[in-house]
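Under this note's numbering, residues 1 to 507 are what the sequence shown spells out, in order.
Here a beta-carbon is modelled for each residue, glycine too, at the ideal position from N, C-alpha and C.
If you're wondering where the values come from, they're calculated on a predicted model, not measured in any experiment.
Written out below as structure tokens is the structure these notes cover.
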Amino acid sequence: MQRMLWTYAGVFLSAMLLGLVVTQGMVWFAHRIKLFAPRNTRSVHALPTPRIGGVAIFVSLILVTVGMLLFDTHASEVFRELHSKLLVLFVCGGFVFLFGLIDDIWGMRASAKLAVQLIAAIVVCSYGIRIDQVTLFGWWFGWMAWPVTILWIVGITNAVNLIDGLDGLSAGICATTCVVIGVFSAYTGQVAMAILMAILFGSLVGFLFFNFNPAKIFLGDSGSMFLGFFLATSSVICTAKVATVVGLLLPALALGLPLFDMLISIVRRVLERRSIFSADRGHIHHRLLDMGLNHRNTVIVMYLITLAIVGLAALMMFLREEGGELIVLVVSMLILLAVFRIAGVLRFRKMFEQVQSNLARMREFRNDRKDFEHMQNRIKRAWTFKQWWLAVRRMARKMGFERIVIQYRDPASDEIKTLTYSRPTDNGAEDTMHLSIPVRSQLAKVLIHVEIDVPVQDSLEAIGRRVSLFGRLLDEHTLDTVFEEQDKIAYEKQTLAASSPGENYSS
1 MQRMLWTYAG VFLSAMLLGL VVTQGMVWFA HRIKLFAPRN TRSVHALPTP
51 RIGGVAIFVS LILVTVGMLL FDTHASEVFR ELHSKLLVLF VCGGFVFLFG
101 LIDDIWGMRA SAKLAVQLIA AIVVCSYGIR IDQVTLFGWW FGWMAWPVTI
151 LWIVGITNAV NLIDGLDGLS AGICATTCVV IGVFSAYTGQ VAMAILMAIL
201 FGSLVGFLFF NFNPAKIFLG DSGSMFLGFF LATSSVICTA KVATVVGLLL
251 PALALGLPLF DMLISIVRRV LERRSIFSAD RGHIHHRLLD MGLNHRNTVI
301 VMYLITLAIV GLAALMMFLR EEGGELIVLV VSMLILLAVF RIAGVLRFRK
351 MFEQVQSNLA RMREFRNDRK DFEHMQNRIK RAWTFKQWWL AVRRMARKMG
401 FERIVIQYRD PASDEIKTLT YSRPTDNGAE DTMHLSIPVR SQLAKVLIHV
451 EIDVPVQDSL EAIGRRVSLF GRLLDEHTLD TVFEEQDKIA YEKQTLAASS
501 PGENYSS
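Listed below in structure tokens is the structure:
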């Protein structure tokens, strides 16, 4: 036992010192080649700051791990038990780190980074690192182990990445998670994982000397994606051996703030009908800044919340009563809900109103599409000008237009003619929007100018959608086609009459 304590202390100090040296070197190197984080609407830093801090953490972790395996025979024996899984952990972690570094330097699409994370998670699962069973309620996942594990790894990876918005925030929370996983590993006799967590913790402590406010270097996607992936996969390895839900709940609660923030961000963006990959200033650290806290105090508050939840979660390792883990989980979730509610991130009334509004929009959209498709089929059968105009009028009525005026040049007489439709209404004082739209047909033989009066009863989005559908109908079924069909029918009648002059075809 004493020997292992010396091993933990030795690898921690070695990683911390190496982290200090390598991070200082990366700061110098980044300034030398002017590799700085770009400023955007979410930026809170005033000075040019490098964002390749992930390199320092990754290099420190690799070098100390390799050095320990070369010079500590006892540690080498311990690592031999998990040789294949640890190799997969480092290879896949390096894969994620590499693409994160590419994003830090040249930039990558969010969807491409998600694909990288999915590939790494699938490879991890294929080598047997899966959440097969947990003891809470006797769950056995079976074939669901694959999607559950992939969702766990990718979810934590993105949660750590998204929370990396303030100096020292993501690295500090990850350092706390390292301690949590390390203590749980040592408690359950998983020495190799405990040593790995001690090394990673030391690397993060060394890095935090330069990353805490005011930061001289940022974690970057190379660091945040690697840390999230490494911690998530490590927790799966620990859980796979003891098959207890505590092995998952402890890191999940230690990462409770970033996980909760990610889930709420996804819900918020879906309700706002934006891409889930779009960036915004709605994260909890942005809200705390908006409440008046300065940069450093915001990070300290989030540290304290994390430590409070971790302290509560640590009770799960010692509870023997059935359902004790569930009680701790519920209490921790209530604390997180309260924190996000107080910070203004979680607004239940606004979310409920957005759900209602989106459902109403979906109903309107379905009805408009249904009306459009019905009239689209109807106008396809319009072989004469009269039939075409009748279909257009019906479309205007279904779209709720007050009035439409269509001006066109008659190809037969070369005169400008006007068609007008007005909807019968009892409310003459109704507010209307007037739109003037030139419509050019594909062959440019018949030029159309459309004027539309639309009652302003619904949202501008609904009005724009209906006008767009009406314009699409005119684009796809032009007067060119109608006049050509009329000429074709007239020509066929003349040809038929000329070929049979003695017969009477009048009806």
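Could you spell out where the alpha helix (DSSP H) holding Arg409 opens and where it closes? Where Arg409 is concerned, there is no enclosing alpha helix (DSSP H), although the beta strand (DSSP E) it sits in stretches over 403 to 409.
For the alpha helix (DSSP H) that contains Ile264, what are its first and last residues? 256 to 271
Meets three-Cβ-pair contact criterion under 8 angstroms: the region 262 to 276 and the region 180 to 187: no
Which partner residues does Lys417 have in the DSSP bridge list? Tyr408
When you compare the CB positions of Ser332 and Ile305, do they come within less than 8 angstroms of one another, or not? no
Comparing alpha-carbon positions, which option in Arg3, Val179, Thr188, Gly206 lies nearest Leu196? Val179
Taking buried to mean at least 16 other C-beta atoms within 10 Å of its own C-beta, is Pro251 buried or exposed? buried
In chain order, what residues of the same chain have a beta carbon less than 8 angstroms from the beta carbon of Val27, not counting five sequence neighbours either side? Pro50, Phe210, Lys216, Ile217
Alpha carbon of Trp152 to alpha carbon of Ile335, nearest angstrom: 22 angstroms
In the DSSP output, which residue or residues are listed as bridge partners for Val450? Ile406, Ile437
Identity of the residues DSSP links to Phe36 by a beta bridge: Pro50
Could you have a look at Ser278 and say whether DSSP puts it in helix, strand or coil? coil
Residue from Arg273, Leu204, Gly67 with nearest C-alpha to Thr177: Leu204
Secondary structure of Thr239, DSSP reduced to three states: helix
Of the residues Val245, Thr420, Leu89, which one's Cα is nearest the Cα of Ile129? Leu89
Buried or exposed: where does Ala444 fall if 16 or more other Cβ atoms within 10 Å of its Cβ makes it buried? Caution applies to Ala444, whose pLDDT of 47 falls short of 50 and renders its modelled position unreliable; the model cannot decide the point.
Is it the case that the region 461 to 475 contacts the region 369 to 379, given that we only count it when at least three CB pairs across the two stretches are under 8 angstroms? yes
If we count the other Cβ atoms within 10 Å of its Cβ and call it buried at 16 or more, is Asn377 buried or exposed? exposed
I'd like the span of the alpha helix (DSSP H) that includes Ala198, first residue to last. 191 to 211
Confirm, please, whether the CB-CB distance from Leu61 to Leu231 is below 8 angstroms. no
Proximity winner among Arg109, Leu307, Asn161, Leu312, relative to Phe226 (alpha-carbon distances): Asn161
By alpha-carbon positions, which one of Thr481, Ser170, Tyr8 ends up nearest to Phe385? Thr481
Under three-state DSSP, which class holds Pro251? helix
DSSP state of Ser185, grouped into three classes? helix
What do you get for Thr495, buried or exposed, if any count of 16 or more other CB atoms within 10 angstroms of its CB means buried? exposed
Can you give me the C-alpha to C-alpha distance between Gly100 and Gly223, rounded to a whole angstrom? 7 angstroms
In the structure shown, what three-state DSSP assignment does Thr233 receive? helix
The alpha helix (DSSP H) spanning Leu359 covers which residue range? 348 to 380
With distances taken from CA atoms, which of Phe36, Val405, Leu289 is nearest Ser436? Val405
Please look up how many angstroms separate the CB atoms of Gly202 and Val11, rounded, as I've assumed it's under 8 angstroms. 7 angstroms
Could you check which residue in Ile416, Pro455, Met351 has the C-alpha nearest to that of Glu402? Pro455
Buried or exposed for Trp106, going by 16 or more other Cβ atoms inside 10 Å? exposed
Val78 and Val191 closer than 8 angstroms at C-beta: yes
Can you tell me the Cα-Cα spacing of Met68 and Leu20, whole angstroms? 18 angstroms
Contact set for Asp104: own chain, Cβ-Cβ below 7 angstroms, skip 5 residues either direction: Arg51, Ile52, Gly220, Asp221, Ser222
My guess is that Cys125 and Thr149 are in contact by the Cβ rule of under 8 angstroms, so how many angstroms apart are they, rounded? 5 angstroms
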